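Working notes for the structure below.
In mature numbering (1 follows the signal peptide of the UniProt record, and there is no 0), the protein residues as written are -24 to -1, 1 to 781.
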């Protein structure tokens, strides 16, 4: 997931929606003679296109929002190995407080890799039991008559003689299933049984009752449903895995995301610690604020890809975390990890790592073809490290497709990964982004993208914006080779990122409207493009007003002489004599020193804002000096809130270039760097949709936010069936009557079945209670000759498969 920098990590919401609403209203109200031209789509069925990338639509799995533990990984006990904290988190110990004590103990670990266990001490003088309970992930869901495999490790000392009773229990104390164990010994020993509850309860809990006196240790307490996807022991939750299968992914990118980097290298993802016996795997803190068991480890990811019939795309840590960089002379270990991962996937069963794979139950290779070097890394440190991985992998495994985080300088990349999180309007504006991309450069992988501003928990409007952008990727699939929405999953009880494609609780799940866009597009891909022309009046976007601000990225800097003017009128002038009065420090360490506003935190995305969010058409001028660090300055303008802002990024991307970011880069970036200790004169002028940026009096950028049209389209050909697959997005607020002409076809069927995703309101969302409020429905299009005339609903996505009459 993003840290909000690069070609797409600084979201700004524009004001396109009202403009499109006005477009539709004018079209509906004017008399016929004054109507604007009806949008026309011409499908050139008589012209060749280019092959569609078969890997265009995949999925990206990261353990965020309890996607793995507490999600698709079917383990029902939380903190099963007691490694999460120095106290028994997610466990409850009850009994006579005078005689029952429970602590986390490391004195005699069952595993040297996971040293903690739960020690329960029962004093003499009573038969009242001590009860050790686990509620799982917001309740343990059980079904009447289903089978659940319980296993745990235990040992005793102090002459404790007892028969522990393990039960599945409801909230009123009713036991749905119970099993007793005998033969606890002073040495660690494994115990297991199958529990079959006599009732259904979505919020049961696991209870272990201990009676007697002495000390008992518990570790690796696991409860797994026998019913898993594809019947694999220790496998996946079936309903969630079925959701993935519905998407027909061509590939699965895993395991992250920021999960790959970690905040520091201590928490970076190391695949070798995630294979083998689950009790021996590293349990670690997840950057998304919970602990991961790695029960869904490297091997299980590969198995999931195989079961989905999807290509695995493994993201390897490149020696960079959010806050640390591994020295170049220590990088050999990380490069070797990449080589060993490839051998684990592809090597014969008698090779060093292929034999480990075989011992783990998969003698046949997994056939890894894609490896991404790092996640959202950049700058000179990344270029140096990418070169190391490139050279080693090219030499040992020349057939692997290498994916880079940014355009590379020292070594070539096969594919470059781009990430975009923004408003629906941004994605509508970027629908033609790839029309002019260099066809001779590396392919593009849009590895993470989603509407994240102004879309609630994932509404129809967001899905429409994404669909228009996806049509642009599809039309340009000779350069866009791969794409994947992000994030994939969220447990509704732990929403760390919003929105997310598939939402779930312990027993239910639903897809947001964007899920159905992904599903429709993957089901109806085609294998060759059909050229399409769209004639529709573009809408000039009225840009938002907004305040101003300053910021840094991995840099310390100071700013002074800040003011906002409109012509000769001074709208605002920073008065720093009262310290930070009038400023909102969004992030960072800000103070006033020597008459300047200073930021001294070396971290990422440090910002302070000031002024009136209703300002429009103004000039923001200031002086800035870099005090040290990796990059330059962020000069903010049109700031409305955390999700709606633009900035001029000076010395971004490792102090290599300057660019305006309005959601993503607009216009062309310019090579440039910011020097330490030098005052720069900076000016940003915004007038309507025009943005001009000056550095030391020199014009650096002169760009306009792009106009957009309400109608977007793409067409592909399915050679196996002879069908033309037509996809149309109407981003206007109301219906738009549109003519679709098929050039080169003598005739079409009189009626054509199509699927349309729409709803009564653009803000409509799905939910656990109404999982298909926004879902595709079948409609009929009418054709005459080689022409379709249809009023496409407002905020809709339509997909039709058309055969020649």
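Just so it is clear, CB atoms sit at the ideal spot from N, CA and C, and this is done for glycine as well. These numbers come from a predicted model, not from an experiment.
Inter-residue Cα distance where the pair is residue i and residue j
{"i": "residue -8", "j": "residue 329", "result": "With a pLDDT of 44 at residue -8, under the threshold of 50, the predicted position of this residue should be treated as unreliable, though the coordinate-derived value follows. Those two C-alpha atoms are separated by around 54 Å."}
{"i": "residue 770", "j": "residue 686", "result": "9 Å"}
{"i": "residue 250", "j": "residue 238", "result": "15 Å"}
{"i": "residue 478", "j": "residue 555", "result": "46 Å"}
{"i": "residue 533", "j": "residue 630", "result": "15 Å"}
{"i": "residue 77", "j": "residue 214", "result": "39 Å"}
{"i": "residue 745", "j": "residue 485", "result": "10 Å"}
{"i": "residue 318", "j": "residue 334", "result": "14 Å"}
{"i": "residue 152", "j": "residue 112", "result": "16 Å"}
{"i": "residue 49", "j": "residue 611", "result": "44 Å"}
{"i": "residue 68", "j": "residue 496", "result": "46 Å"}
{"i": "residue 672", "j": "residue 570", "result": "22 Å"}
{"i": "residue 799", "j": "residue 521", "result": "Lying before the first or after the last residue shown, residue 799 is absent from the chain, which here runs from -24 to 781."}
{"i": "residue 704", "j": "residue 469", "result": "36 Å"}
{"i": "residue 171", "j": "residue 155", "result": "7 Å"}
{"i": "residue 778", "j": "residue 500", "result": "11 Å"}
{"i": "residue 774", "j": "residue 753", "result": "10 Å"}
{"i": "residue 568", "j": "residue 574", "result": "6 Å"}
{"i": "residue 66", "j": "residue 225", "result": "35 Å"}
{"i": "residue 709", "j": "residue 337", "result": "54 Å"}
{"i": "residue 430", "j": "residue 519", "result": "16 Å"}
{"i": "residue 794", "j": "residue 16", "result": "Not covered by the structure: residue 794. The range shown for the chain is -24 to 781."}
{"i": "residue 637", "j": "residue 498", "result": "30 Å"}
{"i": "residue 282", "j": "residue 144", "result": "34 Å"}
{"i": "residue -1", "j": "residue 740", "result": "Below a pLDDT of 50, predicted positions are generally treated as unreliable, and residue -1, at 45, falls in that range; the measurement from the model is reported next regardless. So the alpha carbons of these two residues sit roughly 20 Å apart."}
Cβ separation of residue i and residue j, assumed to be a contact under 8 Å, to the nearest whole Å
{"i": "residue 453", "j": "residue 377", "result": "Not confirmed; about 16 Å, so no contact."}
{"i": "residue 658", "j": "residue 600", "result": "6 Å"}
{"i": "residue 701", "j": "residue 448", "result": "That belief does not hold up - the Cβ atoms of residue 701 and residue 448 are roughly 16 Å apart, past 8 Å."}
{"i": "residue 86", "j": "residue 93", "result": "6 Å"}
{"i": "residue 513", "j": "residue 13", "result": "7 Å"}
{"i": "residue 35", "j": "residue 223", "result": "6 Å"}
{"i": "residue 47", "j": "residue 491", "result": "At roughly 15 Å, the Cβ-Cβ gap does not stay under 8 Å, so residue 47 and residue 491 are not in contact."}
{"i": "residue 713", "j": "residue 757", "result": "Rounded, the Cβ-Cβ distance is 13 Å, inconsistent with contact."}
{"i": "residue 451", "j": "residue 690", "result": "5 Å"}
{"i": "residue 523", "j": "residue 623", "result": "Residue 523 to residue 623, Cβ: 12 Å. No contact."}
{"i": "residue 634", "j": "residue 662", "result": "The pair is not a contact, with the Cβ atoms about 17 Å apart (cut-off 8 Å)."}
Reference residue i; option with closest CA among the options
{"i": "residue 751", "options": "732, 737 and 760", "result": "732"}
{"i": "residue 667", "options": "614, 702, 370 and 496", "result": "614"}
{"i": "residue 822", "options": "190, 276, 173 and 257", "result": "Residue 822 is absent from the structure shown; the chain starts at -24 and stops at 781."}
{"i": "residue 160", "options": "141, 172 and 688", "result": "141"}
{"i": "residue 551", "options": "521, 587 and 84", "result": "587"}
{"i": "residue 284", "options": "241, 219, 682 and 94", "result": "219"}
{"i": "residue 63", "options": "81, 71, 54 and 73", "result": "81"}
{"i": "residue 362", "options": "310, 278 and 618", "result": "310"}
{"i": "residue 609", "options": "530, 618 and 110", "result": "530"}
{"i": "residue 264", "options": "44, 511 and 499", "result": "44"}
{"i": "residue 409", "options": "561, 644 and 364", "result": "644"}
{"i": "residue 179", "options": "575, 150 and 185", "result": "150"}
{"i": "residue 525", "options": "595, 458, 476 and 726", "result": "595"}
{"i": "residue 139", "options": "133, 157 and 741", "result": "157"}
{"i": "residue 174", "options": "208, 187, 124 and 188", "result": "124"}
{"i": "residue 177", "options": "482, 651 and 396", "result": "482"}
{"i": "residue 84", "options": "121, 191, 33 and 108", "result": "191"}
{"i": "residue 572", "options": "603, 562 and 579", "result": "603"}
{"i": "residue 110", "options": "606, 122, 73 and 51", "result": "51"}
{"i": "residue 368", "options": "313, 327 and 749", "result": "313"}
{"i": "residue 380", "options": "589, 697 and 388", "result": "388"}
{"i": "residue 646", "options": "680, 749, 656 and 669", "result": "669"}
{"i": "residue 579", "options": "597, 607, 560 and 27", "result": "607"}
What beta strand (DSSP E) runs, 3 residues minimum, are completely inside the segment 472 to 500? 478 to 480 and 485 to 487
I want to know whether the segment 155 to 171 touches the segment 124 to 144 - three or more CB-CB distances under 8 Å. yes
Is it the case that the segment 35 to 54 contacts the segment 231 to 249, given that we only count it when at least three CB pairs across the two stretches are under 8 Å? yes
At least 3 beta-carbon pairs within less than 8 Å: the segment 390 to 399 vs the segment 418 to 434: yes
Just to confirm the assignment: which complete alpha helix (DSSP H) runs, minimum length 4, are found wholly within the segment 197 to 269? 214 to 222 and 234 to 237
Is the segment 759 to 773 in contact with the segment 708 to 726, if contact means three or more CB pairs nearer than 8 Å? yes
Is it the case that the segment 396 to 415 contacts the segment 431 to 443, given that we only count it when at least three CB pairs across the two stretches are under 8 Å? yes
The segment 114 to 126 contacting the segment 192 to 203, beta-carbon criterion three pairs below 8 Å: yes
Tell me the start and end of each unbroken beta strand (DSSP E) in the segment 267 to 299 that is at least 3 residues and wholly inside, in chain order. 287 to 292
Alpha helix (DSSP H) segments (min. 4 residues) lying fully within the segment 327 to 410: 328 to 335, 355 to 372 and 400 to 405
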